[in-house]
Amino acid sequence: MQKRGCGIRTAAEYRERLSPSLWALVAAAVCGPMAAVVFSPLDTTLALFIGLLVSVGIVSGLLAIAPVIEIRDGELRAGRAHIPVDLLGVPAGVVAEEARTARGSGLDHRAWHVIRGGIDGVVTVPVTDPDDPTPSWVVSTRTPDRLVAAIQRAQVRLRTPGR
Numbered sequence: 001m002q003k004r005g006c007g008i009r010t011a012a013e014y015r016e017r018l019s020p021s022l023w024a025l026v027a028a029a030v031c032g033p034m035a036a037v038v039f040s041p042l043d044t045t046l047a048l049f050i051g052l053l054v055s056v057g058i059v060s061g062l063l064a065i066a067p068v069i070e071i072r073d074g075e076l077r078a079g080r081a082h083i084p085v086d087l088l089g090v091p092a093g094v095v096a097e098e099a100r101t102a103r104g105s106g107l108d109h110r111a112w113h114v115i116r117g118g119i120d121g122v123v124t125v126p127v128t129d130p131d132d133p134t135p136s137w138v139v140s141t142r143t144p145d146r147l148v149a150a151i152q153r154a155q156v157r158l159r160t161p162g163r
């Protein structure tokens with residue numbers, strides 16, 4: 001068992017990058033040819049280079065800023081935020097129409113949200129810490145059942161010493 005405080009990280013129990021959909025990446029890549037058209041009156045070689053640079057830059061930027069959902073070291077990490085799983089209640093994963101409601105009219109404005117368009121599944125986890133003003137975390141995921149199972153496994157692991 002590795003210790004938390006000494007800077008050694010254990011392997012993630014669950015990890016998912018909420019990267020943009022293929023269509024969003026294709027749409028971003030179209031910005032490159034548009035930039036090339038702007039610079040084509042100056043020099044076609046320069047225009048092609050700038051167009052390629054713009055396409056690669058925008059697609060790389062979208063992939064780099066995509067949030068990561070992770071269960072590691074007894075914590076749920078969603079984007080920049082993290083919370084120990086022992087301060088969480090029973091998670092609930094939903095898809096389809098229930099997920100649209102959870103992301104829309106059923107969304108609590110006080111909850112912590114990491115929601116991405118184009119990702120159908122949503123996991124809602126209540127926060128049981130009485131000192132935390134955030135009632136729950138609402139997280140987009142492509143595999144809600146796997147995220148729910150990972151949170152529950154991490155909670156059981158913390159409650160049962162020697163596991």
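According to full-length UniProt numbering, the sequence shown is numbered sequentially starting from 1.
The beta-carbon is built from N, C-alpha and C at its ideal position, and this holds for glycine as well.
Query raised in the report: Should Ser140 be labelled buried (16 or more other beta-carbon atoms within 10 Å of its own) or exposed?
Result: Mapped onto the sequence shown, residue 140 falls at position 140. With 16 or more other Cβ atoms within 10 Å, it is buried.
Requested in this report: Write down every uninterrupted run of the beta strand (DSSP E) in the region 29 to 86 whose length is 3 residues or greater and which is fully enclosed by it, in chain order.
Outcome: 68 to 72, 75 to 78 and 81 to 84
Query raised in the report: In the structure shown, what three-state DSSP assignment does Gly93 receive?
Result: Here residue 93 is taken as the residue at index 93 of the sequence shown, counted from 1. Three-state result, Gly93: strand.
Query raised in the report: Looking only at its own chain, which residues have a Cβ that is under 6 Å from the Cβ of Gly118, when we skip the five neighbours before and after it?
Result: Position 118 of the sequence shown, counted from the first residue, corresponds to residue 118. Hits under 6 Å: Ser21.
Query raised in the report: When you compare only the Cα positions, how much space is there between Asp73 and Trp112?
Result: Here residue 73 corresponds to residue number 73 of the sequence shown, with the count starting at 1. Here residue 112 corresponds to residue number 112 of the sequence shown, with the count starting at 1. Taking the straight line joining both Cα atoms gives about 20 Å.
Query - Heavy atom of the ligand FAD within 7 Å of Ala96 beta-carbon - result: Looking for the ligand FAD in the displayed structure turns up nothing, as the structure carries no ligands at all.
Query raised in the report: Taking the DSSP output, what are the residues bridged to Gly121?
Result: What you label residue 121 is simply residue 121 of the sequence shown in a count that begins at 1. Bridge partners of Gly121: Thr141.
Requested in this report: Reducing DSSP to helix, strand and coil, say where Glu13 ends up.
Outcome: For this step, residue 13 is matched to residue 13 along the sequence shown. Here Glu13 sits in coil by DSSP.
**Report entry** Cβ-Cβ distance between Gly51 and Gly32 below 8 Å
**Finding:** Taking the first residue of the sequence shown as position 1, residue 51 is located at position 51. Taking the first residue of the sequence shown as position 1, residue 32 is located at position 32. A contact, by the Cβ cut-off of 8 Å.
Query raised in the report: Are at least three pairs of beta-carbons, each pair with one atom in the region 94 to 110 and one in the region 36 to 46, less than 8 Å apart?
Result: no
Report task. For Leu76, count neighbouring Cβ atoms within 10 angstroms of its own Cβ and tell me buried if that reaches 16, exposed if not. Result -> As a working mapping, residue 76 is identified with position 76 in the sequence shown. Looking at its Cβ environment, which holds 16 or more other Cβ atoms inside 10 Å, Leu76 is buried.
**Report entry** 7 Å Cβ shell around Ala36 - same chain, five flanking residues per side excluded
**Finding:** For the purposes of this step, residue 36 is taken as the residue at position 36 of the sequence shown. So the list reads Ala47, Leu48, Ile50 and Gly51, once near-sequence residues are dropped.
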